[in-house]
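Below is one structure, written out as structure tokens; the observations come after it.
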Amino acid sequence: MIADKLNRWLMLAVTAGILISLVMLLIEVREAINLSEAEAYRNRGDDIQRSMQELALSPDLAQILAKARDGEMDALSENERIRLWAWEFAKSVRMQNQFNDHTLGYLDDASYRSMISSAAAAYPLWQMLGVIPGDARFRQAIEAQRASAAVRVPDLEQSQTQVEND
Numbered sequence: 218m219i220a221d222k223l224n225r226w227l228m229l230a231v232t233a234g235i236l237i238s239l240v241m242l243l244i245e246v247r248e249a250i251n252l253s254e255a256e257a258y259r260n261r262g263d264d265i266q267r268s269m270q271e272l273a274l275s276p277d278l279a280q281i282l283a284k285a286r287d288g289e290m291d292a293l294s295e296n297e298r299i300r301l302w303a304w305e306f307a308k309s310v311r312m313q314n315q316f317n318d319h320t321l322g323y324l325d326d327a328s329y330r331s332m333i334s335s336a337a338a339a340y341p342l343w344q345m346l347g348v349i350p351g352d353a354r355f356r357q358a359i360e361a362q363r364a365s366a367a368v369r370v371p372d373l374e375q376s377q378t379q380v381e382n383d
């Protein structure tokens with residue numbers, strides 16, 4: 218009888234120890250996930266900061282981008298076209314990494330929407346330059362964003378016309 222009571226208490230203590238260990242393991246796993254998320258955000262911010270710093274420190278890259286923005290692609294020299302291609306390729310890779318981060322749950326929806334809108338706006342230039350994002354899912358997301366933006370634009374124009382007529 219004493220042995221049964223002792224056995225029950227020991228089993229209860231072992232069970233409680235296992236439960237406490239599992240709770241501590243879950244806390245440790247959650248902490249590791251939080252650290253991974255923080256590192257992903259930090260890396261994303263560092264990438265964006267480096268690219269913007271490169272743009273800010275390069276007087277001719279800004280001029281190249283202005284020519285491309287203004288539709289003066291024919292005015293670009295071969296050297297400028299190569300620099301533009303490299304810049305846009307790096308931008309597409311950075312955005313594809315952000316797409317992957319969002320897919321894995323490391324990038325919030327607002328940042329994702331901003332990035333995919335920027336990628337959709339850059340996509341015609343990427344196509345002109347031969348910059349093709351490697352991930353088919355990323356390309357599909359860009360194309361879906363472009364299609365949804367194209368659907369919204371006529372609605373906006375129609376609304377503005379209706380307001381002007383009223």
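Per our numbering, residue 218 is the first one in the sequence shown, and the count goes up by one each step. Glycine included, every Cβ here is placed at the ideal spot set by N, Cα and C. A quick note: this is a predicted structure, and the numbers were derived from the prediction, not measured.
Check	Outcome
Kindly indicate which three-state DSSP category Ile349 falls into: helix, strand or coil?	coil
Determine the DSSP secondary structure at Tyr340, reduced to helix, strand or coil.	helix
Measuring CA to CA, which of Ala307, Ala249, Arg286 and Ala337 is closest to Ala367?	Ala337
Going by DSSP in three states, Asp318 sits in which element: helix, strand or coil?	helix
Would you report the Cα separation of Ile299 and Ala279, rounded to the nearest angstrom?	14 Å
Select from Phe355, Val246, Gln344 and Glu295 the residue whose C-alpha is nearest the C-alpha of Gln315.	Phe355
Within 10 angstroms of its Cβ, does Leu301 collect 16 or more other Cβ (buried), or is it exposed?	buried
Glu295 to Asp263, Cα distance in whole Å?	30 Å
Which value, in whole angstroms, describes the spacing of the CA atoms of Ile235 and Asn260?	37 Å
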